[in-house]
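Report on one structure; see the data block that follows.
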Amino acid sequence: EALRHCLADERTYRVARDNCIEVLFDIYRQDVYESHGFMTSAANQLVRYTTSLERDRLAEQIRTLMTKAGGSVRQSYGKFLLDLQKEILGDEAYLHTCREAGLTSYLIDRLLALCHSDEAARETQSIENEDQFLGLVNLFMHHKQNVMAERLVKAGRIEKPTGPVREGWKKSVQSVQAT
């Protein structure tokens with residue numbers, strides 16, 4: 002809370018601001034690996050209270066860390082980077098960051114928002130996890146791309162779903178067929 006107050010006041014002495022940013026970023030980095038529940042709060046404070054110059058410096062640090070990370074850690078850094086630079090990041094840079102960080106749903110959502118449904122479908126076809134695939138099909142439907150969603154479902158991506166996946170698949174098919 003004290004760190005937030007320090008950053009919230011842009012008149013705070015530069016060295017104090019830099020120290021607050023460093024501490025919050027250290028909390029974020031540590032929590033990416035240990036999950037104590039501080040990561041989201043630290044990231045939100047850094048996004049909300051830092052200046053554009055401070056966000057640029059953080060973005061460079063995050064990019065460096067992201068190239069060295071893998072899996073969910075890389076995705077966490079990617080999400081933080083997208084949030085940190087949401088005001089200045091162009092579409093191509095956004096898509097590049099999504100691909101680099103493995104943020105498939107963010108990628109598909111942006112492609113669909115940009116009306117690049119064929120590219121979004123190609124990206125979706127490479128997904129092997131059935132739950133993730135169904136989530137992406139739902140994104141197509143959310144973006145009123147029901148015909149493309151139907152093609153994806155009918156392409157046989159889910160051969161014999163079971164349990165919760167089967168129920169999600171049924172709902173996706175019914176929703177696509179209802180349109």
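Heads up, the working numbering is the position in the sequence shown plus 1, with the first residue counted as 1.
All C-beta atoms, glycine included, are put in the ideal place defined by N, C-alpha and C.
As the structure is a prediction and not an experimental result, all values here were calculated from the model.
Contact under 7 Å by Cβ, residue i with residue j
i    : j    : result
L140 : D110 : yes
Q146 : S106 : no
A121 : L113 : yes
V33  : V74  : yes
G79  : L104 : yes
Residue i, buried or exposed, once every other Cβ within 10 Å from all chains shown has been counted against 16
i    : result
E61  : exposed
I63  : buried
R18  : buried
S77  : buried
E151 : buried
V148 : exposed
I128 : buried
V154 : buried
Own chain residues within Cβ distance below 6 Å of residue i, not counting five before or after
i   : result
Q86 : A60
L47 : L25
Y50 : L8 and A9
A44 : Y29 and F81
Contacts around residue i, its chain only, beta-carbon distance under 7 Å, and the 5 residues preceding and following it disregarded
i    : result
E55  : I22
L108 : L96, C99, R100 and E124
For residue i, three-class secondary structure by DSSP
i    : result
S53  : helix
Q86  : coil
H143 : helix
A150 : helix
Y14  : coil
K161 : Low confidence applies to K161: its pLDDT is 46, below 50, so where it sits in the model is not reliable, and the reading given next is rough at best. It is coil, neither helix nor strand.
8 Å CB neighbourhood of residue i in its chain, flanking five on each side removed
i   : result
L4  : C21, V24, L25 and Q46
T13 : C7 and C21
Unbroken alpha helix (DSSP H) runs of length 4 or more, entirely within the segment 88 to 129: which are they? Assignment of alpha helix (DSSP H) within the segment 88 to 129, counting only whole runs of 4 or more residues, yields 92 to 102, 105 to 114 and 118 to 126 in chain order.
Residue ranges of each alpha helix (DSSP H) within the segment 17 to 65, 4 or longer: Taken in chain order, the complete alpha helix (DSSP H) segments of 4 or more residues contained in the segment 17 to 65 are 40 to 50.
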